[in-house]
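Okay, structure first, notes after.
Number of protein chains: 2
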Amino acid sequence: MNTSFSDGKEEKFKRKAISVKEGQTRILSYVRRSETERVPLPEAQGRILAEDVLAPHPYPHFRRSGMDGFAVISSDTLGCSAETPVFLEVVDEIPCGSLPSVALVPGTVSRIMTGAKVPDEADAVVMFEMTESSESQGRAYIQLKREIKPGSNVTPVGLELQEGELILEKGRRLSAGEISVLATFGIYNVPVVKRPSVAIFSTGSELLGVEEPLQDGRIRNSNTYMLASQIRDAGGEPFILEAIADDLGTARQKVQDAFELYDLVVTTGGVSVGDFDIMADLVAGDDVEMLFNKITMRPGSVTTAAVKNGKLLFALSGNPGACFVGFELFVRPAIGTMLGIGDPFLKEIQVELGREYVKVNNFTRFVRGRLELKEGRFVAFPAALDESSVMITIKDSDVLIVIPPSSRGVAAGEMVSVLQLPGSR
Amino acid sequence: MNTSFSDGKEEKFKRKAISVKEGQTRILSYVRRSETERVPLPEAQGRILAEDVLAPHPYPHFRRSGMDGFAVISSDTLGCSAETPVFLEVVDEIPCGSLPSVALVPGTVSRIMTGAKVPDEADAVVMFEMTESSESQGRAYIQLKREIKPGSNVTPVGLELQEGELILEKGRRLSAGEISVLATFGIYNVPVVKRPSVAIFSTGSELLGVEEPLQDGRIRNSNTYMLASQIRDAGGEPFILEAIADDLGTARQKVQDAFELYDLVVTTGGVSVGDFDIMADLVAGDDVEMLFNKITMRPGSVTTAAVKNGKLLFALSGNPGACFVGFELFVRPAIGTMLGIGDPFLKEIQVELGREYVKVNNFTRFVRGRLELKEGRFVAFPAALDESSVMITIKDSDVLIVIPPSSRGVAAGEMVSVLQLPGSR
Numbered sequence: 152m153n154t155s156f157s158d159g160k161e162e163k164f165k166r167k168a169i170s171v172k173e174g175q176t177r178i179l180s181y182v183r184r185s186e187t188e189r190v191p192l193p194e195a196q197g198r199i200l201a202e203d204v205l206a207p208h209p210y211p212h213f214r215r216s217g218m219d220g221f222a223v224i225s226s227d228t229l230g231c232s233a234e235t236p237v238f239l240e241v242v243d244e245i246p247c248g249s250l251p252s253v254a255l256v257p258g259t260v261s262r263i264m265t266g267a268k269v270p271d272e273a274d275a276v277v278m279f280e281m282t283e284s285s286e287s288q289g290r291a292y293i294q295l296k297r298e299i300k301p302g303s304n305v306t307p308v309g310l311e312l313q314e315g316e317l318i319l320e321k322g323r324r325l326s327a328g329e330i331s332v333l334a335t336f337g338i339y340n341v342p343v344v345k346r347p348s349v350a351i352f353s354t355g356s357e358l359l360g361v362e363e364p365l366q367d368g369r370i371r372n373s374n375t376y377m378l379a380s381q382i383r384d385a386g387g388e389p390f391i392l393e394a395i396a397d398d399l400g401t402a403r404q405k406v407q408d409a410f411e412l413y414d415l416v417v418t419t420g421g422v423s424v425g426d427f428d429i430m431a432d433l434v435a436g437d438d439v440e441m442l443f444n445k446i447t448m449r450p451g452s453v454t455t456a457a458v459k460n461g462k463l464l465f466a467l468s469g470n471p472g473a474c475f476v477g478f479e480l481f482v483r484p485a486i487g488t489m490l491g492i493g494d495p496f497l498k499e500i501q502v503e504l505g506r507e508y509v510k511v512n513n514f515t516r517f518v519r520g521r522l523e524l525k526e527g528r529f530v531a532f533p534a535a536l537d538e539s540s541v542m543i544t545i546k547d548s549d550v551l552i553v554i555p556p557s558s559r560g561v562a563a564g565e566m567v568s569v570l571q572l573p574g575s576r
Numbered sequence: 152m153n154t155s156f157s158d159g160k161e162e163k164f165k166r167k168a169i170s171v172k173e174g175q176t177r178i179l180s181y182v183r184r185s186e187t188e189r190v191p192l193p194e195a196q197g198r199i200l201a202e203d204v205l206a207p208h209p210y211p212h213f214r215r216s217g218m219d220g221f222a223v224i225s226s227d228t229l230g231c232s233a234e235t236p237v238f239l240e241v242v243d244e245i246p247c248g249s250l251p252s253v254a255l256v257p258g259t260v261s262r263i264m265t266g267a268k269v270p271d272e273a274d275a276v277v278m279f280e281m282t283e284s285s286e287s288q289g290r291a292y293i294q295l296k297r298e299i300k301p302g303s304n305v306t307p308v309g310l311e312l313q314e315g316e317l318i319l320e321k322g323r324r325l326s327a328g329e330i331s332v333l334a335t336f337g338i339y340n341v342p343v344v345k346r347p348s349v350a351i352f353s354t355g356s357e358l359l360g361v362e363e364p365l366q367d368g369r370i371r372n373s374n375t376y377m378l379a380s381q382i383r384d385a386g387g388e389p390f391i392l393e394a395i396a397d398d399l400g401t402a403r404q405k406v407q408d409a410f411e412l413y414d415l416v417v418t419t420g421g422v423s424v425g426d427f428d429i430m431a432d433l434v435a436g437d438d439v440e441m442l443f444n445k446i447t448m449r450p451g452s453v454t455t456a457a458v459k460n461g462k463l464l465f466a467l468s469g470n471p472g473a474c475f476v477g478f479e480l481f482v483r484p485a486i487g488t489m490l491g492i493g494d495p496f497l498k499e500i501q502v503e504l505g506r507e508y509v510k511v512n513n514f515t516r517f518v519r520g521r522l523e524l525k526e527g528r529f530v531a532f533p534a535a536l537d538e539s540s541v542m543i544t545i546k547d548s549d550v551l552i553v554i555p556p557s558s559r560g561v562a563a564g565e566m567v568s569v570l571q572l573p574g575s576r
């Protein structure tokens with residue numbers, strides 16, 4: 152479907168609203184997983200694994216002592232007790248990382264450290280504290296006063312993993328536990344998915360640079376920095392480009408250039424239906440397919456998405472609240488899918504609403520809010536200020552509370568869906 | 152208290168165990184907040200704010216239009232209705248970022264865009280859709296058929312924040328919402344706490360480098376990479392140093408050097424009571440104060456902490472599970488306190504235990520586990536393999552389940568404390 156919105160304002164008012172879910176589906180149908188690259192293990196943290204990793208060897212790969220003690224042949228201890236102790240000769244000493252130097256025969260034991268390889272002939276380790284040491288004619292002995300069960304304190308080969316077992320599935324985010332696994336199996340050059348590069352444009356001549364002094368009637372450009380942070384958090388690499396002034400020709404050229412250089416393009420501002428908005432014009436053209444330009448949601452109903460040569464453009468609202476929500480609902484899943492994450496959407500859980508929400512709307516509302524834990528249950532509280540234009544409550548929110556279209560709102564105590572925002576701890 | 156453990160193994164067995172809480176208290180009494188540095192806003196993500204930030208101006212700092220429409224003097228619409236509409240002359244047009252160019256007088260209105268400054272004389276904005284436009288003798292008019300309430304669609308100055316209000320408290324971690332606030336208020340050089348530099352040593356000659364081929368009886372050095380990941384996640388900057396072989400002289404010199412260069416020193420391995428352990432010797436010396444060398448916990452009971460010239464040394468177990476837990480319970484809070492985070496400990500919540508835990512112990516157990524959400528309630532499930540030596544279950548855990556010392560274990564359905572692991576999403 153090629154649409155043209157270039158014949159001006161009248162045309163722009165004609166927006167066919169679709170649901171968030173439909174919008175997400177349209178977007179993801181255009182998203183392909185990014186390429187694989189290899190990074191050294193110390194740089195792999197936070198990256199997404201690009202391939203399944205199978206265990207190249209069992210783990211542990213040798214029978215490991217679980218104690219500091221003596222490796223014994225358990226049958227040597229059969230029938231022994233406090234009254235009839237058994238004396239066994241210490242013939243070897245096996246520190247961690249060394250191999251046994253003597254083959255055990257019945258009646259002999261090896262001193263062994265935790266983590267060291269148990270001699271093949273031994274089938275148990277008895278801890279130091281259960282033994283009494285003695286010497287006789289220059290030879291060392293231990294005395295044992297109870298039977299030792301076969302297998303005691305010996306970690307068998309493959310206890311944790313068998314060779315060939317799936318240890319890490321692709322699409323997994325790498326943190327401490329995964330990195331430990333990769334190191335254990337000697338995987339230093341880790342196959343990860345390339346971070347999608349994301350160009351960020353702000354539009355609107357009302358925007359001041361962050362370092363510019365305040366001016367009456369103008370606001371500072373905060374959305375680009377917020378978006379850069381969201382993009383990084385989602386696993387992309389943000390590139391803040393020069394703000395686009397309200398000039399269609401220049402804007403179009405800049406966006407064209409960005410499509411060449413980056414994997415995704417995100418703009419903020421200029422998507423409302425006012426006279427001075429240009430995003431709709433911008434995505435018009437034979438080679439651009441409009442995916443949607445209105446969503447049945449608040450805030451951010453005029454969020455727009457388009458695709459050009461297989462690359463996605465998202466035109467998010469200039470209102471901070473709407474820009475934030477638009478990113479989380481549409482751009483994050485796109486980046487997540489490019490990264491090969493299995494479920495790229497915000498995690499949805501059902502919780503109790505802690506305070507009534509009475510603002511009604513014919514569109515679904517995504518209300519910033521906070522989860523509180525009460526007696527093992529989560530309760531969601533909507534932010535005091537949740538207007539699209541409000542910036543200050545974003546920082547205090549860890550969920551988006553989903554308020555369905557309704558003429559009466561939702562009462563305190565009713566169950567609601569909430570979408571958990573990432574990075575909330 | 153200066154202690155010497157250099158007279159060998161006998162001495163090493165004498166360890167006085169203290170509780171986790173007491174250990175944490177001892178550590179934190181030596182921790183001072185790190186210095187402040189300023190970083191550019193785009194690099195501030197994930198950093199910890201070093202100073203309170205007060206609003207340098209109200210926000211919004213001008214009366215902002217919440218709609219595309221017309222700025223009106225609401226008293227002009229008094230008594231108007233469908234039968235008796237009012238006609239008002241359009242005398243100005245105010246795009247976003249521009250200032251009104253005409254002072255309104257009764258009977259006149261300004262066309263205005265969302266986000267633009269409302270003229271001082273106007274006290275309401277009426278949306279386009281509620282008006283009918285007309286022209287007469289070259290002048291533009293709008294027709295209104297209902298009264299407009301004062302204040303409609305006008306965001307007052309300071310709605311979100313008053314000048315001087317606390318907007319971000321020190322100790323706060325900066326993510327998208329905070330970054331948006333900083334940008335909005337023009338704070339580009341952000342005061343953040345310096346990342347503590349943390350030296351990591353592994354000890355033990357059994358360790359192979361990650362890239363070395365597997366050898367019988369030896370394991371790869373995975374803890375240093377795991378620790379580096381945990382340190383980064385906690386907000387520190389990890390430095391993986393050469394592994395220390397089991398040679399006391401070299402080890403002591405390397406650790407001395409690290410104390411000079413780094414803010415914290417963490418070692419892994421060599422803290423058990425076997426013959427070949429050297430950490431206890433290593434922290435002996437007149438200038439080293441031992442804080443503890445045994446904790447009443449599993450895994451990791453032989454975790455050691457010492458302080459030298461105000462700098463902390465943590466000697467963690469070489470067992471992956473114990474090393475992981477030791478870091479989370481002791482090193483993370485130390486780094487967090489250096490960063491000025493208010494509550495540097497893992498967040499503790501009370502949840503139901505999903506499956507019985509029968510392994511008993513006279514020490515408190517910190518069992519790796521997973522939280523699952525069931526009908527708005529969290530339920531904690533212990534990992535199948537939770538031995539100290541087990542590495543593979545770390546990656547699948549998002550909590551440590553606290554099992555108090557007990558002779559009977561904990562039944563399914565009982566409430567337990569769990570410590571939430573960071574980075575779990």
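One line per chain: the protein sequences are F and C, in this order. Under the numbering used here, think of the first position of the first sequence as 152, with each following residue one higher. Under the numbering used here, think of the first position of the second sequence as 152, with each following residue one higher. We treat Cβ as the ideally placed atom computed from N, Cα and C, and that holds for glycine.
Using a Cβ-Cβ distance cut-off of 8 Å, determine whether F:Val237 contacts chain C. The C-beta of F:Val237 comes no closer than 8 Å to any C-beta of chain C.
Going by the DSSP bridge assignment, what does C:Thr259 pair with across the sheet? According to DSSP, which records beta bridges pairwise, C:Thr259 is partnered with C:Glu240.
Going straight from the alpha carbon of C:Gln407 to that of C:Thr401, what length do you get? Going from the Cα of C:Gln407 to the Cα of C:Thr401 covers about 10 Å.
Residues bridged to C:Gln571 [DSSP beta-bridge criterion]: Per DSSP, C:Lys498 and C:Val550.
Would C:Glu283 pass as an interface residue toward chain F - the criterion being a Cβ-Cβ separation below 8 Å? By this cut-off, C:Glu283 is not an interface position.
Can you tell me whether F:Met566 is helix, strand or coil according to DSSP? Here F:Met566 sits in strand by DSSP.
Does the distance from the CB of C:Gly386 to the CB of C:Val349 come in under 8 Å? Here C:Gly386 is not near C:Val349, since their CB atoms are 8 Å or more apart.
Can you grab the Cα-Cα spacing for the pair C:Thr375 / F:Gly266, in whole Å? Those two C-alpha atoms are separated by around 17 Å.
Going by alpha carbons, who is nearest to F:Pro342 out of F:Leu490, F:Ile299, F:Arg506 and F:Ser557? Among F:Leu490, F:Ile299, F:Arg506 and F:Ser557, the Cα nearest to that of F:Pro342 is on F:Leu490.
Could you pull out every residue in the same chain whose Cβ sits closer than 8 Å to the Cβ of C:Asp219, ignoring the five residues on either side in sequence? Around C:Asp219: Ile263, Met264, Thr265, Met278 and Phe279.
F:Met152 to F:Asp438, Cα distance in whole Å? Note that F:Met152 has pLDDT 32, beneath the 50 cutoff, so the model's placement of it is unreliable and the number below is only indicative. Distance between the alpha carbons of F:Met152 and F:Asp438 is about 10 Å.
Can you give the Cα-Cα distance for C:Gln381 and F:Ser216, rounded to whole angstroms? Each residue's alpha carbon lies about 27 Å from the other.
With distances taken from CA atoms, which of C:Val308, C:Leu310, C:Val567 and C:His212 is nearest F:Asp367? Answer by Cα proximity: C:His212.
State yes or no: is the beta carbon of F:Ala168 nearer than 8 Å to at least one beta carbon in chain C? Interface with chain C (8 Å Cβ-Cβ cutoff): F:Ala168 is excluded.
Taking C-beta pairs closer than 7 Å, name the residues in chain F that C:Ile446 reaches, listed in chain order. None at all; the shortest Cβ gap to chain F is about 18 Å.
Can you name the residues of chain C whose CB is closer than 7 Å to the CB of F:Asn304? Listed along chain C, no residue sits closer than 7 Å to F:Asn304 by beta-carbon distance, the nearest being about 11 Å off.
Do F:Thr580 and F:Gly469 have their C-beta atoms within less than 8 Å of each other? There is no way to answer for residue 580 of chain F, as the model of chain F reaches only from 152 to 576.
Could you give the distance in angstroms between the alpha-carbon of F:Ile169 and the alpha-carbon of F:Asn512? If I take the Cα positions, the gap works out to 15 Å.
Flag F:Met542 as yes if its beta-carbon sits less than 8 Å from any beta-carbon of chain C, otherwise no. A Cβ of chain C is located within less than 8 Å of the beta carbon of F:Met542.
Would you say the segment 200-210 of chain F touches the segment 220-233 of chain F, given that touching needs at least three Cβ pairs under 8 Å? Of all C-beta pairs linking the segment 200-210 of chain F to the segment 220-233 of chain F, fewer than three are shorter than 8 Å, placing the two stretches out of contact.
Contact test: C:Pro364 Cβ vs the ligand HEM heavy atom, cutoff 7 Å: No copy of the ligand HEM appears in this structure; indeed no ligand is present at all.
Who pairs with F:Ser353 in a beta bridge, going by DSSP? Looking at the DSSP assignment, F:Ser353 forms a beta bridge with F:Thr419.
If we call anything under 8 Å between Cβ atoms a contact, is C:Ser452 one with C:Phe514? The answer is yes: Cβ separation under 8 Å.
Identify which residue in C:Tyr413, C:Tyr210 and C:Ser548 has its Cα closest to the Cα of C:Gly315. With distances taken between Cα atoms, C:Gly315 lies closest to C:Tyr210.
Interfacial residues, the segment 356-368 of chain F to chain C, with Cβ spacing under 9 Å: So the list reads Ser356, Glu357, Leu358, Leu359, Gly360, Val361, Glu362, Glu363, Pro364, Leu365, Gln366, Asp367 and Gly368, given in the order they occur along the chain.
How far does the alpha helix (DSSP H) with C:Leu392 in it extend, from its first residue to its last? Taken as a continuous stretch (DSSP letters only), C:Leu392 belongs to no alpha helix (DSSP H), as it is neither H nor E.
Less than 8 Å between CB atoms is the rule here; does F:Arg198 satisfy it with respect to chain C? No - not a single Cβ of chain C is within 8 Å of the one on F:Arg198.
Tell me whether the segment 551-559 of chain F and the segment 515-524 of chain F touch, counting them as touching only if at least three CB pairs, one residue from each stretch, are closer than 8 Å. A contact between stretches requires three or more CB pairs, one per stretch, nearer than 8 Å, and the segment 551-559 of chain F meets this requirement with the segment 515-524 of chain F.
Going by CA-CA distance only, name the one from F:Gly328, F:Cys474 and F:Phe496 that's closest to C:Gly472. The residue among F:Gly328, F:Cys474 and F:Phe496 with its C-alpha nearest the C-alpha of C:Gly472 is F:Gly328.
Check each residue of the segment 322-339 of chain C: if its Cβ is closer than 7 Å to any Cβ of chain F, include it; give the result in chain order. Listed by position along the chain: Ser326, Ala327, Gly328, Glu329, Ile330, Ser331, Val332, Ala334, Thr335, Gly337 and Tyr339.
Rounded to the nearest angstrom, what separates C:Pro389 and C:Leu467 at their Cα positions? Rounded to the nearest angstrom, the gap between the Cα atoms of C:Pro389 and C:Leu467 is 15 Å.
Name the one or two DSSP bridge partners that F:Glu503 has. According to DSSP, F:Glu503 bridges with F:Val530 and F:Met566.
Is C:Asp384 close to chain F, meaning its C-beta is less than 8 Å from at least one C-beta of that chain? Yes, because at least one Cβ of chain F sits closer than 8 Å to the Cβ of C:Asp384.
Residue from F:Ala273, F:Arg297 and F:Asp274 whose Cα sits closest to the Cα of F:Glu283: Comparing Cα-Cα distances from F:Glu283 to each of F:Ala273, F:Arg297 and F:Asp274, the minimum goes to F:Arg297.
Could you tell me if F:Glu311 is buried or exposed, where buried requires 16 or more neighbouring beta carbons within 10 angstroms of its beta carbon? F:Glu311 is classed as buried because its beta carbon has at least 16 other beta carbons within 10 Å across all chains shown.
Compute the distance between the beta-carbons of C:Arg371 and F:Ala195, then report whether it is under 8 Å. In this structure, F:Ala195 does not lie closer than 8 Å to C:Arg371 by Cβ.
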